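Undergrad: Got a structure here, written out as structure tokens. Questions coming.
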Amino acid sequence: MEGAAKNGTQTPGEISKERQTELLFNFAWWMKKQGYAESTIEGRVKILRILAKRGADLLNPESVKEAIAEQEWSMGRKANAVDAYSCLLLMLGETWDPPIYKKVDKLPFIPTETEIDQLIAGCGKKTAALLQLLKETGMRIGEAWRLRWVDIDFENRTLMVTPEKGSEPRILRISNTLVAMLQSFRRVEGGGRIFGRCLKSQRRLFYKFRRRTAEKLKNPRILRITFHTFRHWKATMEYHKTRDILYVMRILGHKRIQNTLKYTQLVNLGDSDYVARVAKTVEEACQLVEAGFDYVCEIDGAKLFRKRK
């Protein structure tokens, strides 16, 4: 199979479990050499492994086409499976007549801030810091995973984002809360990655904490929260606060405003969605701002703030 990965001379036929493992390993390494994002590599290898376990012969396009058709997946996931297999055939120097699955655009799930905070509180120290980072910055998980200690300016509470998927580089501010969470496990020596190297293990750990939190709170909505949900939530909240789509676009690192416009459809929050607080001193006002409250107005010398539940 190593020869197949190099020159595409492998003919379709039954593939053993060992050769399948070798094929997918070669595929992952090939994508890495081609410059694909880690999240893309992980996703494509995972979906092809699932198809193989469910009876698909990865060296037989018709077998793969049949296996995809049999899955009770959304059109989007089936389209992703087609893209993954097309990429594998590109490595092998082969082609196929791919099935056509059109993704159905759906608005993303947006949890409440309370649900997000409950999930963060239910995680271990490092996972909680990762989720707080995603919440405050709206970074992609791949961008967050590549962060190194040298990318963070703890004194000025900023971090530099190395983009993925063709996004723009950017500098984002973080809170004192997140700074404290990161410093609790900060390494004094070296400038290595903050969250380690194995995203797959971290993802499994996140699923474990998420399931436990949902069961404890008896709230199945928490099970719908993914790493990318934090990005959707951040974009929605920033647009809600500023009504400035270009500002949201810069935070997310989007190059095309069309990718950002969907968040304008997600803002429909009434007064009942807020918690209100009153500050009578500058110190109280500062504490509320740091806790994420927005200034509303001043009445009888007292400043009113609010934050989404």
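Note that the sequence shown covers residues -4 to 304 in our numbering. For every residue, glycine included, the Cβ atom is placed at its ideal position computed from N, Cα and C. This one's a predicted model, so the numbers in the text were calculated from it and none came from an experiment.
Using the C-alpha atoms, what's the distance from Thr172 back to Asn21?
TA: Distance between the alpha carbons of Asn21 and Thr172: 42 Å.
Undergrad: Kindly indicate if chain B contains any beta-carbon less than 8 Å away from that of Ile136.
TA: Structure shown: chain B not included; a single protein chain is present.
Undergrad: Lys302 bridges to which residues according to DSSP?
TA: Per DSSP, Val270.
Undergrad: Would you mind working out which of Lys160, Ser170, Tyr31 sits nearest Lys130, comparing C-alpha positions?
TA: For Lys130, the nearest C-alpha among the options comes from Ser170.
Undergrad: Which word fits Val247, buried or exposed, when buried means at least 16 other C-beta atoms lie within 10 angstroms of its C-beta?
TA: Rather than Val, the amino acid found at residue 247 in this sequence is Leu. Buried is the call here.
Undergrad: For the alpha helix (DSSP H) containing Ile42, list its first residue and its last residue.
TA: Where Ile42 is concerned, the enclosing alpha helix (DSSP H) stretches over 33 to 48.
Undergrad: Just to confirm the assignment, what range does the alpha helix (DSSP H) spanning Trp135 have?
TA: In the sequence as presented, Trp is not what sits at residue 135; that position holds Arg. Looking at the DSSP string, Arg135 is not in any alpha helix (DSSP H), and its letter there is neither H nor E.
Undergrad: Can you give me the Cβ contacts of Pro56 inside the same chain, cut-off strictly under 6 Å, excluding the 5 residues immediately before and after it?
TA: Same-chain partners within the cutoff: Trp91.
Undergrad: CA-CA distance, Arg168 and Arg14?
TA: Each residue's alpha carbon lies about 47 Å from the other.
Undergrad: Using a 10 Å radius around the Cβ and a threshold of 16 neighbouring Cβ atoms, would you call Met70 buried or exposed?
TA: Counting Cβ neighbours within 10 Å, Met70 comes out exposed, since fewer than 16 surround it.
Undergrad: Give me whichever residues DSSP pairs with Ala297 in a beta bridge.
TA: Ile294.
Undergrad: Would you say Pro56 touches the ligand PLP, meaning its beta carbon is less than 7 Å from a heavy atom?
TA: By its list of ligands, the structure shown contains no ligand whatsoever, and the ligand PLP lies outside what it can speak to.
Undergrad: Look at the alpha carbon of Gly265 and the alpha carbon of Gly137, and state the distance between them as a whole number of angstroms.
TA: Low confidence applies here, because Gly265 scores a pLDDT of 44, under 50, leaving its location unreliable and the question unanswered by this model.
Undergrad: Give the secondary structure of Ile166 by DSSP, where H, G and I count as helix, E and B as strand, and everything else as coil.
TA: Ile166: strand per DSSP, three-state reduction.
Undergrad: Measure the C-alpha to C-alpha separation of Ile25 and Lys48 and round it to an integer number of angstroms.
TA: Here residue 25 is Trp; the residue named in the question, Ile, does not match the sequence. If I take the Cα positions, the gap works out to 22 Å.
Undergrad: From this set, Val284, Ala209, Val99, Arg192, which residue's C-alpha is nearest Arg141's C-alpha?
TA: Comparing Cα-Cα distances from Arg141 to each of Val284, Ala209, Val99, Arg192, the minimum goes to Arg192.
Undergrad: Which word fits Thr208, buried or exposed, when buried means at least 16 other C-beta atoms lie within 10 angstroms of its C-beta?
TA: That one is buried.
Undergrad: Run through DSSP, which three-state label would Leu53 get?
TA: If DSSP states are grouped into helix, strand and coil, Leu53 belongs with coil.
Undergrad: Can you round the beta-carbon distance between Ala230 and Tyr258 to whole angstroms, since I take them to be within the 8 Å contact cut?
TA: Yes, Ala230 and Tyr258 are in contact; Cβ-Cβ is about 4 Å, under 8 Å.
Undergrad: Leaving out five residues on either side along the sequence, give the residues of the same chain with a beta carbon under 6 Å from the beta carbon of Ala51.
TA: The residues are Ser58, Val59, Ala62.
Undergrad: Here's a check: name, in chain order, each residue in its chain whose Cβ is nearer than 6 Å to the Cβ of Arg219, leaving out the five neighbours to either side.
TA: So the list reads Phe104, once near-sequence residues are dropped.
Undergrad: In whole angstroms, what is the alpha-carbon distance linking Gly187 and Arg181?
TA: Approximately 10 Å, taken between the alpha carbons.
Undergrad: Please go through the region 172 to 231 and give each complete alpha helix (DSSP H) segment of 4 or more residues, from N-terminal end onward.
TA: DSSP runs (the alpha helix (DSSP H)) wholly in the region 172 to 231: 194 to 212.
Undergrad: When the Cα of Arg251 is compared with those of Ile240, Ala64, Leu261, which residue comes out closest?
TA: Per the Cα distances, Ile240.
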